[in-house]
Structure formats: structure tokens, C-alpha cells
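In the numbering used here, the protein residues as written are 114 to 368.
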Amino acid sequence: MSVTSPTRPNPKPLIVVVEDEADLASLIAQYLERAGMRVQVCNRASHAVKFLQRNFANLVLLDLVLPDQSGFELYEDLKASDINVPVIFLTGNLEEASKIHGLDLGGDDYVTKPFSYAELVARIRAVLRRADYKADLNLTKNVRVSDEPFDFCGAKITPVRLEITFPDGEITTIGRKELGILSYLNEHPGEVITRKALIHSVWGQHADVRSRSIDQYVVKVRELFKKKGLDLADFQTVHGIGYIFDPKKVTRKGA
Ligand code: CA
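Next up, the structure:
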């Protein structure tokens with residue numbers, strides 16, 4: 114998904130609602146949208162994981178009983194993938210609510226069904242306010258990304274929001290892998306980065322280095338920049354070895 118908008122002074126928070134009961138999910142979506150939020154409904158745990166791997170979300174509203182996985186399991190999977198998004202559990206009964214306490218899962222809050230929509234909105238707003246203060250930047254399993262926005266070949270990368278801002282003001286969201294690659298290159302300017310080092314940094318030490326997928330991600334990034342007419346001279350493929358990002362040339366030109 115790409116979010117395109119030239120000016121966004123105060124973007125609406127994106128809430129992912131993971132709830133398999135379609136009627137309930139669409140009612141929740143209506144109320145949250147009325148409260149000034151954007152909503153993505155996922156009826157399956159697997160949909161939610163796929164969505165969150167590719168998109169920044171401000172909060173997940175997570176039903177505990179889902180057809181393909183429990184809400185607890187989904188929560189553990191997100192943590193294991195270092196997708197650190199605030200979570201409010203939706204529980205069917207007090208027994209489940211006490212389980213959340215007992216397991217000390219680290220979710221940000223829970224709401225017991227049936228709930229009032231005013232209460233739900235208030236709890237979401239409270240968690241969003243807290244989250245504003247502690248943006249967790251473990252965006253991929255292995256790269257701890259700096260929270261500072263950085264320039265990459267003329268575009269501004271904003272890690273906390275998984276966003277690239279282009280010189281014309283267009284904002285595009287990128288995936289965590291792409292962000293991991295750009296961040297690793299940015300943290301090692303002027304060094305030849307082997308494909309192996311880059312794969313290990315983004316996919317982990319146990320990743321299969323014969324995998325071609327790193328090249329596919331790099332191609333995707335290059336195409337995005339080229340589409341915006343940006344010069345990629347500072348980001349070169351070193352044939353048979355890997356890549357180099359050398360922004361010094363730009364600095365010299367601009368100085
Ligand atoms: Ca359910």
C-alpha cells in the first residue's frame with residue numbers, strides 16, 4: 114500500500130482491527146472513523162501479519178479468538194518479528210482478561226466485550242498518547258534503526274513512519290526490509306557492503322545468503338527513486354560483491 118499526500122500536518126492514526134466477526138468489525142471501523150482514525154480491518158491473523166509487515170500502523174485492536182490463530186499467538190508472532198506496535202486486546206470474558214494479566218504479555222490495554230464505543234475510543238486515544246512518547250524503532254529483526262530521519266539520494270527517509278518523502282512532497286510508505294537495507298547503507302557510508310553483510314543485517318545471521326531476494330528489494334527501491342527522477346549515482350552496485358552508498362559526492366557538490 115502506498116500513501117500519497119503532499120501535505121499531512123496531522124495525519125490520522127491508522128488502527129488495524131483484527132476481528133473475524135464481520136458485523137462487529139465494520140461497526141468498530143465506523144466508530145473509529147467517526148472519531149477521526151483510519152481503519153484497516155483484517156478478519157484473519159494471517160492477513161494482519163501480512164499487512165503489518167508492509168505497513169506502518171499506530172495501533173492494533175486484537176480479538177483473542179480468531180479462526181486461524183489466537184490473538185495471543187499473533188501477538189507473540191508480531192513481537193518475534195520485531196513489529197512493535199501498540200496492542201489493545203479485545204476479550205470475550207473476564208477469564209480471558211485475567212489471563213492477559215496473568216501472562217503479563219505486555220499488551221498495552223484490553224477491552225472486554227461487550228464494550229461501549231466511547232470507552233473503546235478513549236482507551237485507543239490513551240494508548241496512542243503513550244506510544245507517541247516511546248516510538249520503538251526495532252523495525253527489522255536485526256537492524257536497530259536510528260530514529261533520526263536521513264537523506265538517501267535526495268529523498269528523506271523517516272524510519273519511525275516507514276516513509277520516504279520525495280522532493281516534490283510526495284510521501285510513500287516502504288516495507289521494513291527496504292527500510293532495513295537503506296538504514297544499513299546509510300550507517301556505513303562510503304563502505305563496500307557485501308551482499309552477505311546486507312542480508313545478514315536485515316534477515317539475520319541464519320538467513321540463506323544465496324537468496325536473490327536482496328537484489329529484488331534493491332531493484333524495487335531503485336525503481337521508486339527513478340520514478341521520481343532522482344539520481345542514484347551515490348548508490349552503486351559493486352558487481353560480484355554488493356553495494357556502496359557514498360553520499361560524500363553530494364555533500365561536496367552542495368558545499
Ligand atoms: Ca472472534
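Glycine included, each C-beta is placed from N, C-alpha and C at the ideal position. Since this is a predicted model, take the numbers as computed values, not measurements.
Option in the options with minimal Cα separation from residue i
i, options, result
"F339", "P227, G288, A268, V351", "First, the residue type needs correcting, since residue 339 is Lys and not Phe in the sequence shown. Of P227, G288, A268, V351, the residue nearest in Cα terms is A268."
"V178", "Q329, K226, F169", "K226"
"E146", "F263, S314, L233, H160", "L233"
"F202", "F169, R236, A170", "R236"
"S139", "P124, A210, N156", "N156"
"P360", "L295, P180, R242", "L295"
"G353", "R335, V240, P124, V305", "V305"
"V273", "Y356, A244, L137, C266", "A244"
"E283", "R289, A231, I312, T271", "T271"
"F279", "G293, L292, K290, D264", "D264"
"L207", "Q153, G355, F228", "F228"
"L292", "P262, Q153, G355", "P262"
"C266", "Q349, A210, V198, Q143", "Q349"
"E300", "R242, D260, G184", "D260"
"K341", "Q329, D328, D281", "D281"
"P124", "G149, L311, Y188", "G149"
Buried/exposed call for residue i, threshold 16 Cβ in 10 Å
i, result
"A346", "exposed"
"E134", "exposed"
"E276", "buried"
"I287", "buried"
"T120", "Reliability fails at T120, whose pLDDT of 43 lies under 50, so the model's placement of it is uncertain and the value that follows must be treated cautiously. So T120 counts as exposed."
"P302", "exposed"
"Q166", "exposed"
"G205", "exposed"
"A193", "exposed"
"A248", "For A248, the predicted structure reports a pLDDT of 44, less than 50, and the residue's modelled location is therefore unreliable. A value from the coordinates is still provided. A248 comes out exposed."
"R308", "buried"
"Y326", "Note that residue 326 is Ser in the sequence shown here, rather than Tyr. Exposed, since its Cβ has fewer than 16 Cβ neighbours within 10 Å."
"R289", "buried"
"D314", "At residue 314 the sequence reads Ser, which differs from the Asp that was named. S314 should be labelled buried."
"A231", "exposed"
"L186", "According to the sequence shown, residue 186 is Glu rather than Leu. E186 should be labelled exposed."
"G184", "buried"
According to DSSP, residues forming a beta bridge with residue i
i, result
"D221", "DSSP output for D221 lists no bridge partner at all."
"Q153", "V129"
"E138", "As written in the sequence, residue 138 is Ala, which differs from the Glu given in the question. A138 is not bridged to any residue."
"Q349", "I357"
"F263", "I270"
"E186", "BP columns for E186 are empty, so no partner."
"I284", "T278"
"I306", "Y356"
"D344", "DSSP lists no partner for D344."
"D176", "L203"
For residue j and residue i, believed in contact at Cβ under 8 Å, the rounded distance
i, j, result
"V131", "A158", "7 Å"
"L337", "T285", "7 Å"
"V162", "D190", "6 Å"
"P151", "P180", "Per the sequence shown, the amino acid found at residue 151 is Arg instead of Pro. No, R151 and P180 are not in contact; Cβ-Cβ is about 25 Å, not under 8 Å."
"V173", "V129", "5 Å"
"D221", "V200", "6 Å"
"Q153", "F164", "6 Å"
"Y356", "V331", "7 Å"
List in chain order the residues whose CB is within less than 5 Å of at least one heavy atom of ligand 1.
D133, D176, V178
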